[in-house]
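Heads up: the structure comes next, in structure tokens.
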Ligand SMILES: NC(=O)c1ccc[n+]([C@@H]2O[C@H](COP(=O)([O-])OP(=O)(O)OC[C@H]3O[C@@H](n4cnc5c(N)ncnc54)[C@H](OP(=O)(O)O)[C@@H]3O)[C@@H](O)[C@H]2O)c1
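In this note's numbering, the protein residues as written are 21 to 267.
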């Protein structure tokens with residue numbers, strides 16, 4: 021497989037743990053210069069310490085805060101520009117009794133924060149003339165899931181938003197490529213509850229698939245093949261059956 025040429029730069033928001041951190045490690049190993057961002061500084065500094073000197077810049081930001089866009093812009097400037105924006109930041113919890121806080125925090129991070137950060141990246145690449153935006157959405161966005169209403173709704177929003185931006189970029193003749201990554205269950209802190217998740221994948225394996233999908237400039241990538249089959253059949257389930265299913 022063709023690897024991206026060295027001397028490319030990327031920003032990863034959500035690089036302090038889980039899938040984003042594993043993708044960051046792979047891009048560093050491939051010679052990318054990286055801007056890594058999240059709320060927690062310590063794990064970002066740990067990652068920076070493992071990379072070649074001068075190849076990684078760190079920025080603390082919270083995507084739900086109004087200054088997050090400016091912080092992203094300043095990180096892009098510190099790198100001298102970027103070729104790839106990768107959005108890995110997100111939260112998600114099961115919420116079977118519909119606690120208000122969980123629903124609203126999920127919307128703030130996965131809808132508002134996502135829209136804010138992708139907007140900065142999109143406008144930056146529009147002005148630059150080219151670029152690549154990749155984001156982890158989820159298979160949870162392909163259907164409304166009763167156990168996690170805000171999570172599945174915000175993941176649907178993310179996927180639809182990327183599809184809309186892709187069409188807008190095409191209409192405006194902007195050379196911006198989009199990759200929507202949709203994993204099934206991944207063994208990260210996000211699933212840190214008592215529920216036993218089936219078909220669990222390691223973040224390392226998922227990160228390899230993501231990097232390959234970015235290099236191949238895929239539009240949508242469901243990870244892995246078991247989840248591609250599952251989501252194919254989900255789509256065929258009529259609503260009158262779906263609303264009766266126990267997940
Ligand atoms: N794990 C799964 O089964 C699974 C499946 C499908 C899709 N996904 C998606 O994959 C993405 C990564 O999740 P993960 O599984 O790798 O979980 P994770 O280990 O909890 O990683 C989440 C990342 O998002 C960052 N983040 C959360 N809230 C943030 C905020 N307000 N501002 C900035 N950064 C924030 C976290 O950093 P800080 O806490 O340091 O801010 C962390 O780096 C999420 O969008 C998730 O929905 C996960």
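Note that CB positions come from ideal geometry on N, CA and C, so glycine has one too. Remember, predicted model here, so these are calculated numbers, not experimental data.
Among the bridge pairs identified by DSSP, residue 202 is matched with 242. Straight through space, the alpha carbons of residue 111 and residue 37 are spaced by roughly 12 angstroms. Residue state for residue 44 is assigned as helix, using DSSP reduced to three classes. Under the three-state reduction of DSSP, residue 112 is assigned to coil, being neither helix nor strand. The beta carbon of residue 43 is closer than 7 angstroms to those of 32, 106, 108, 227, 230, 231 in its chain, skipping five residues each way along the sequence. In this structure, ligand 1 has no non-hydrogen atom nearer than 6 angstroms to the beta-carbon of residue 180. By the C-beta criterion, the segment 259-267 is judged not to be in contact with the segment 60-79, since fewer than 3 inter-stretch pairs fall below 8 angstroms.
Under DSSP, the beta-bridge partners assigned to residue 77 are 55.
Restricting attention to alpha helix (DSSP H) runs no shorter than 4 residues, the segment 109-169 encloses them at 120-126, 134-148, ordered along the chain. Assignment of residue 267 by DSSP, reduced to helix, strand and coil, places it in the coil class.
Taking the Cα positions, residue 250 is about 32 angstroms away from residue 30. In this structure, residue 145 sits near residue 151, with a CB-CB distance shorter than 7 angstroms. Taking C-beta atoms as the reference points, residue 103 and residue 225 fail to come closer than 7 angstroms. Cβ neighbours of residue 154 within its own chain (closer than 6 angstroms, five residues either side excluded): 106, 199, 234.
Contact annotation: residue 160 and residue 171 have beta-carbon atoms nearer than 7 angstroms. Residue side-chain check: residue 206 places its Cβ nearer than 6 angstroms to a non-hydrogen atom of ligand 1. In chain order, 153, 185, 189, 196 place their CB closer than 8 angstroms to the CB of residue 142, counting only its own chain and leaving out the 5 sequence neighbours on each side. Distances taken from the Cβ of residue 209 to the heavy atoms of ligand 1 include one shorter than 6 angstroms.
In the structure shown, residue 102 adopts coil according to DSSP, grouped into three states.
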